[in-house]
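Here the protein sequences come in this chain order: A and B.
For what it's worth, numbering that gives the first Met the number 0 labels the leading residue of the first sequence as 0, then goes sequentially.
For what it's worth, numbering that gives the first Met the number 0 labels the leading residue of the second sequence as 0, then goes sequentially.
Every residue gets a Cβ at the ideal spot worked out from N, C-alpha and C, and that includes glycine.
Given the structure is predicted, the values throughout are model-derived calculations rather than measurements.
A short worksheet on the structure shown next.
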Amino acid sequence: MRNKKTGLRTIFSLSDKNPILPWLFLLPFLFFFLAFMVYPMIQGLYISFTNYTLLSEKASFVGLRNYQNFLRPGDLFLISLGNTFKYVALALPILLGIGLLTAVVVNAPIKGRMLFRTALSAPFVINVASVALLWTWILDREIGLVNYYFQRIGLPKQEWIYHPFSAMMVIVMVSLWGGLGSIMLTFLAGLQDIPQEFYEAAIIDGANKWNLFRYITIPLLKPILLFVGVSQVVAGFQVFGQVVLITGGGPGYSTRVAMQHLYEVGFSWFRLGEAAALSWVLFLIIMIFTIIQFRYLSGRVEY
Amino acid sequence: MEGKIKYNILYWIGYIFLIILALIWITPILWSLSTSLKLNENTYTYPITWIPNPITIKNYITVLTSGRGANIGLAFINSTIVSTLTILLTIIIDSLAAYPLARMEFKGKSVVFAIVIGSLFIPIYTVLVPRFMMFWKLSLLNTYWCLVFPALASSYGVFMLRQFMLSIPRELEEAALIDGCSRMRTFWSIIFPLTRPALATLSLFTFLSSWNDYLWPLLTLNDPTKMTLPVALTLFRTAYGNWEMGTVMAAAFTGTAPTLIVYFFTQKMIVKGMLTSGLKG
Numbered sequence: 000m001r002n003k004k005t006g007l008r009t010i011f012s013l014s015d016k017n018p019i020l021p022w023l024f025l026l027p028f029l030f031f032f033l034a035f036m037v038y039p040m041i042q043g044l045y046i047s048f049t050n051y052t053l054l055s056e057k058a059s060f061v062g063l064r065n066y067q068n069f070l071r072p073g074d075l076f077l078i079s080l081g082n083t084f085k086y087v088a089l090a091l092p093i094l095l096g097i098g099l100l101t102a103v104v105v106n107a108p109i110k111g112r113m114l115f116r117t118a119l120s121a122p123f124v125i126n127v128a129s130v131a132l133l134w135t136w137i138l139d140r141e142i143g144l145v146n147y148y149f150q151r152i153g154l155p156k157q158e159w160i161y162h163p164f165s166a167m168m169v170i171v172m173v174s175l176w177g178g179l180g181s182i183m184l185t186f187l188a189g190l191q192d193i194p195q196e197f198y199e200a201a202i203i204d205g206a207n208k209w210n211l212f213r214y215i216t217i218p219l220l221k222p223i224l225l226f227v228g229v230s231q232v233v234a235g236f237q238v239f240g241q242v243v244l245i246t247g248g249g250p251g252y253s254t255r256v257a258m259q260h261l262y263e264v265g266f267s268w269f270r271l272g273e274a275a276a277l278s279w280v281l282f283l284i285i286m287i288f289t290i291i292q293f294r295y296l297s298g299r300v301e302y
Numbered sequence: 000m001e002g003k004i005k006y007n008i009l010y011w012i013g014y015i016f017l018i019i020l021a022l023i024w025i026t027p028i029l030w031s032l033s034t035s036l037k038l039n040e041n042t043y044t045y046p047i048t049w050i051p052n053p054i055t056i057k058n059y060i061t062v063l064t065s066g067r068g069a070n071i072g073l074a075f076i077n078s079t080i081v082s083t084l085t086i087l088l089t090i091i092i093d094s095l096a097a098y099p100l101a102r103m104e105f106k107g108k109s110v111v112f113a114i115v116i117g118s119l120f121i122p123i124y125t126v127l128v129p130r131f132m133m134f135w136k137l138s139l140l141n142t143y144w145c146l147v148f149p150a151l152a153s154s155y156g157v158f159m160l161r162q163f164m165l166s167i168p169r170e171l172e173e174a175a176l177i178d179g180c181s182r183m184r185t186f187w188s189i190i191f192p193l194t195r196p197a198l199a200t201l202s203l204f205t206f207l208s209s210w211n212d213y214l215w216p217l218l219t220l221n222d223p224t225k226m227t228l229p230v231a232l233t234l235f236r237t238a239y240g241n242w243e244m245g246t247v248m249a250a251a252f253t254g255t256a257p258t259l260i261v262y263f264f265t266q267k268m269i270v271k272g273m274l275t276s277g278l279k280g
């Protein structure tokens, strides 16, 4: 049996015999992780059952009332959630489709492919405030570049952000413009990871381009497709900057999204209990989506 | 022969599609850049001109010195400080945490790793309200720390560095351990330097997310002297009219120039980084 003194020395020593040495390495990270991730999550769940506001110190337990509020017909939350679904349903196929298409094309041995790669992916490093400034300028109804060229070729001026449908499409297109880079580059990395021998063997067996894509590229890209799909759904439910800064949720409530609603409930109206409940509802919805995606897509994935 | 012609046609259709797409993609950037180099009174004249006449940097001088709406020069400094602090601390903390997860056997390792992976999928909004309350109670709103600390709770770097460390040959550090080096020594003098490529990628991604973050700074910074660029830019815009788009675009470019420049020099690294983040292994 060791005496107490050497025990302490072992604990603080950095030798391999120290049983808690791995935890010393992990300590700084775990501190921040527990303090700013785990604790807030639990705290948030608790707050969601109270009527906490920033304005009054006293908060009392209200049970499920915050959650029940969301189910009122015509509640702004339901409208915002509906718009978020609409946004994700529009954006996801467009982002994944064009992302995969461009990745395949810039992966092929074509002239100037680095140039194309750079041009298509550059916008993804631009911050959302600048993105919004650029696009509101380009799409300005009166002096914008797009409407200028529309008129030059004899088309009528478009309303863009002032019409419910085109406003939603503007948000989707701006997300595509900004997001294509990361999606394309992720697919590209996945494509370059596929062993060339697979293709060579199939070509010897007489496969054509489409067969190569359908029976080699797609199945081997499945883990990446799943990863990009899941992260785009998660990102889609968090869409905020583009909406708030370009359409402001308008016209009317036609592009108001869930995050904007959460932001206003929590930080314009300071109803923090309700906002916390909102974030948990959103979280559960995302969880369900993620599980469904894993179920249906991960069938025969080999890592 | 017929197949070859068909392939050629497909090739050219694809090529033309790509050229058009690439042009559409860079148009907003080029047009705004052009606008930012025009005198404000030349930004709304018909017909439009792509090459400014005269070319002027007056707008950029206004942006950096006037302070009307928001002080963009100061915001630039704030963004630089916050990004630098975040990158440095992330690198140290995450590589320390990644090391035992890659190289040591201990009780609870698989639990810690599972939590690290799981938290990658937690969306920011689940912790938005409680985090805000925390920083409010700690009186840390409107400080650099309320932007830096939450970034350090992200497990992305730990995961990515652990994956990279697994690929470093064990023999390198075993030799040192047999020679009597402590784990800490081995880590700092052998593993840490070898992790450099992954650390560079992590720094890059940390820089981009820190520099570009909008929602959290919007919540926690309302003191104009503490604002980072994305928040300052939106405030800046409110003070300018539609007839001053040259100045507004100059502000937008000032905010995005560092990320664009860094991007052009590190493209290859970004593609590789996507690979490691793409759930490999």
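So, is the C-beta of residue i closer than 8 Å to a C-beta in chain B?
i, result
"A:Gly-265", "yes"
"A:Phe-197", "no"
"A:Val-292", "The sequence given here places Gln at residue 292 of chain A; Val does not occur at that position. A:Gln-292 does not count as touching chain B."
"A:Arg-299", "Note that A:Arg-299 has pLDDT 49, beneath the 50 cutoff, so the model's placement of it is unreliable and the number below is only indicative. With 8 Å as the cut-off, A:Arg-299 does not count as an interface residue toward chain B."
"A:Leu-91", "no"
"A:Phe-282", "yes"
"A:Pro-39", "yes"
For residue i, which of helix, strand or coil comes out of DSSP?
i, result
"B:Leu-9", "helix"
"A:Phe-32", "helix"
"A:Thr-289", "helix"
"A:Thr-49", "strand"
"B:Phe-105", "coil"
"B:Phe-206", "helix"
"A:Phe-60", "strand"
"B:Ile-114", "helix"
"B:Cys-145", "helix"
"A:Glu-178", "Here the sequence assigns Gly to residue 178 of chain A, which means Glu is not the residue at that position. Helix."
"A:Gln-157", "coil"
"B:Thr-200", "helix"
Looking at residue i: is its Cβ nearer than 8 Å to the Cβ of residue j?
i, j, result
"B:Gly-66", "B:Thr-237", "no"
"A:Leu-95", "A:Gln-241", "no"
"A:Val-238", "A:Ser-174", "yes"
"B:Lys-108", "B:Gly-245", "no"
"B:Tyr-71", "B:Leu-63", "According to the sequence shown, residue 71 of chain B is Ile rather than Tyr. Result yes, Cβ atoms of B:Ile-71 and B:Leu-63 sit closer than 8 Å."
"A:Ala-118", "B:Ala-21", "yes"
"A:Phe-32", "B:Ala-101", "no"
"B:Leu-59", "B:Ala-175", "For the record, residue 59 of chain B in the displayed sequence is Tyr; it is not Leu. No. Outside cutoff."
"A:Val-127", "B:Pro-229", "yes"
"A:Ala-166", "A:Ser-253", "yes"
"A:Phe-266", "B:Leu-198", "no"
Quick check: is the beta carbon of residue i nearer than 8 Å to any beta carbon in chain A?
i, result
"B:Arg-169", "no"
"B:Pro-27", "yes"
"B:Thr-258", "yes"
"B:Gly-117", "no"
"B:Met-0", "With a pLDDT of only 49 at B:Met-0, under the threshold of 50, the placement of this residue in the model should not be trusted; the figure read from the coordinates follows. Not closer than 8 Å to any Cβ of chain A, the Cβ of B:Met-0 fails to qualify, so no."
"B:Ser-138", "no"
"B:Leu-84", "no"
"B:Ala-96", "yes"
"B:Trp-30", "yes"
"B:Thr-105", "Sequence inspection shows Phe at residue 105 of chain B; the Thr mentioned does not correspond to that position. Yes, contact with chain A."
"B:Pro-129", "yes"
"B:Gln-266", "yes"
"B:Gly-13", "yes"
"B:Thr-125", "yes"
Can you name the residues of chain A whose CB is closer than 7 Å to the CB of residue i?
i, result
"B:Asp-93", "Phe-28"
"B:Phe-148", "Phe-31, Phe-35"
"B:Tyr-262", "Ala-121, Val-124"
So residue i contacts chain B; which residues on that side make the cut at Cβ distance below 8 Å?
i, result
"A:Ser-174", "Simply none; closest approach about 14 Å."
"A:Val-233", "Phe-120, Pro-122"
What does residue i reach in chain A if we use C-beta pairs closer than 8 Å?
i, result
"B:Trp-210", "Asn-126"
What does residue i reach in chain A if we use C-beta pairs closer than 9 Å?
i, result
"B:Trp-187", "Those do not exist, as B:Trp-187 stays about 11 Å from chain A at its closest Cβ, beyond 9 Å."
Apply the 10 Å Cβ neighbour rule to residue i and answer buried if 16 or more other Cβ atoms are within range, or exposed otherwise.
i, result
"B:Pro-216", "buried"
"B:Asn-39", "buried"
"A:Gln-191", "exposed"
"A:Arg-270", "buried"
"B:Asp-212", "buried"
"A:Arg-255", "buried"
"B:Asp-222", "exposed"
Which residues of chain B have a Cβ atom closer than 7 Å to the Cβ of residue i, listed in chain order?
i, result
"A:Phe-24", "Leu-95, Ala-96, Tyr-98, Pro-99"
"A:Pro-72", "Neighbours of A:Pro-72 on chain B: none; closest Cβ ~24 Å, over 7 Å."
Report yes or no: is there a C-beta of chain E within less than 8 Å of the C-beta of residue i?
i, result
"B:Ala-21", "The structure shown contains no chain E; the protein chains it does contain are A and B."
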